[in-house]
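Numbering (our numbering), first residue to last: 24 to 429. Everything on this sheet refers to the single structure shown next.
Written as structure tokens, this is what we have:
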């Protein structure tokens, strides 16, 4: 249990009434190393019913020195890290003044504190105030339980789900639910991918059907390119007219990738911020789904004892992701536009290097999603009566191009 109840009792033994103030603070000495200022919030944090969520990064509070929102009768405040936090929750339901401050008095000091209105204690009487203190790991289930059982308003915001929380939180719930069934977060991610593919199947079906139709009009597209070889403007106009007549979306092949983007970022957020994913193993050499694949092709996967720069840590799973992405894109007809064709060629290579530094769980998701997309697209194109271009496109890569005529 990470929640503690602190009781302060004062006995007035004097002959006159006294006024006291309940005061609490969370202080951090010296600025810590923060993970990423763009992906999640680390620093001073609080929530009050009057002003909602308040977040102050270390750099911003150093500049502002102090931030003092309006008084409130409910809420909480403290300091949060990536996986850990300490917060104070006043429980007396009386007005208190929250404050976030930075002091430089020999050491860097960051502080979240509160001060209640005066509490009058008559002579011979006593007064007791309670403050709940959370100090521990930001486990999703515990945070939600504290919010519900102790009636702490929006305590779930202690975990930075981001602007797209409406996607990220359900994503975590689904993965966590499947983890309880499979006993492995990696398998839970694979199962989540299958479920997401099923949800987006109608859109993907339309996309692949459009690509199948594009294959059927490929001869007409070649005729247009030959007819207007010297006039790119007329060539583009003729192509657009053909697309309109045949009801074809030339960007249909991008939809399977575009549909992954919200899921990609929500899964990345889940892997990055949740302590449940920290050090969660998969199989084999993947012992932490929240960390990059530790292997690299450039040191023969550990056989050569050299330390490589971060950008050259191209492990097994990033390579599998790149290969499956390459195969998926080769399922489609080669774009007639040279620029688009170049993008289709280089995109898998670029993504392989980009994804190498991402969490292994995210790369595994992408590779598995690519494989499912290849199977799905193959089935749909076969049903549409369209030829699957994969083998012809692969053969074309190794076919010697004819020399230009003199």
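Note that beta-carbon positions come from the ideal geometry of N, C-alpha and C, so glycine has one too. No experiment lies behind these values; they were computed from the predicted model shown.
Touch check for the region 254 to 272 and the region 169 to 189: three-plus C-beta pairs under 8 angstroms?
no
According to the neighbour-count rule (16 or more other Cβ atoms, all chains shown, within 10 Å of its Cβ), is residue 334 buried or exposed?
Here residue 334 corresponds to residue number 311 of the chain shown, with the count starting at 1. Label assigned to residue 334: exposed.
Identity of the residue in 67, 260 and 233 nearest residue 404 by Cα:
Stepping through the chain shown from its first residue, residue 404 is reached at position 381. Nearest of 67, 260 and 233 to residue 404, Cα basis: 233.
Looking at the strands, I want to know which residues DSSP matches up with residue 210.
Numbered from its first residue, the chain shown carries residue 210 at position 187. In the DSSP output, where bridge partners are listed per residue, residue 210 has none listed.
To the nearest angstrom, how far is the alpha carbon of residue 174 from that of residue 190?
Along the chain shown, one-based indexing puts residue 174 at 151. Along the chain shown, one-based indexing puts residue 190 at 167. Taking the straight line joining both Cα atoms gives about 25 angstroms.
Reference residue 138, options 188, 119, 155 and 149, closest by Cα:
Residue 138 sits at position 115 when you count from the first residue of the chain shown. Nearest option by C-alpha distance: 119.
Can you tell me where the beta strand (DSSP E) with residue 112 in it begins and where it stops?
Within the chain shown, the letter at position 89 stands for residue 112. Note, residue 112: beta strand (DSSP E), 107 to 113.
Of the listed residues 33, 370, 107 and 367, nearest to residue 64 (C-alpha basis)
Here residue 64 refers to the residue found at position 41 when the chain shown is read from its first residue. Ranking 33, 370, 107 and 367 by Cα distance to residue 64 puts 107 first.
For residue 26, write down the residues that DSSP places opposite it in a beta bridge.
The residue labelled residue 26 in the question sits at position 3 within the chain shown. BP columns for residue 26 point to 157.
How would you label residue 61, buried or exposed, when you count the other beta carbons within 10 angstroms and need 16 or more for buried?
Position 38 of the chain shown, counted from the first residue, corresponds to residue 61. Exposed, because fewer than 16 other Cβ atoms sit within 10 Å of the Cβ of residue 61.
Excluding the five sequence neighbours on either side, which residues of its own chain have a C-beta within less than 7 angstroms of the C-beta of residue 114, listed in chain order?
Taking the chain shown and counting its residues from 1, one reaches residue 114 at position 91. Cβ neighbours of residue 114 beyond the five flanking positions: 153, 154 and 155.
Backbone secondary structure at residue 39 - three-state DSSP:
Translated into the one-based positions of the chain shown, residue 39 becomes position 16. Looking at residue 39 - three-state DSSP - the assignment turns out to be coil, as it is neither helix nor strand.
Apart from the five residues on each side of it in sequence, which residues of its chain come closer than 6 angstroms, Cβ to Cβ, to residue 12?
In this structure the chain extends from 24 to 429, so residue 12 is not present and cannot be described.
Should residue 382 go down as buried or exposed, given a rule of 16 or more other Cβ atoms within 10 Å for buried?
The sequence position of residue 382 within the chain shown is 359, counting from 1. Buried: at least 16 other Cβ atoms inside 10 Å.
Can you tell me whether DSSP reads residue 65 as helix, strand or coil?
Position 42 of the chain shown, counted from the start, is the residue given in the question as residue 65. The answer is coil: DSSP assigns residue 65 none of H, G, I, E or B.
Quick one: what's residue 75 bridged to in DSSP?
Translated into positions along the chain shown, residue 75 becomes position 52. Partner(s): 71.
Kindly indicate the opening and closing residues of the alpha helix (DSSP H) around residue 195.
Against the chain shown, residue 195 aligns to sequence position 172. Taken as a continuous stretch (DSSP letters only), the alpha helix (DSSP H) holding residue 195 covers 188 to 205.
Span separating the alpha-carbon of residue 351 from that of residue 395:
As a first step, residue 351 must be located in the chain shown, where it is residue number 328. As a first step, residue 395 must be located in the chain shown, where it is residue number 372. Roughly 10 angstroms separates the two Cα atoms.
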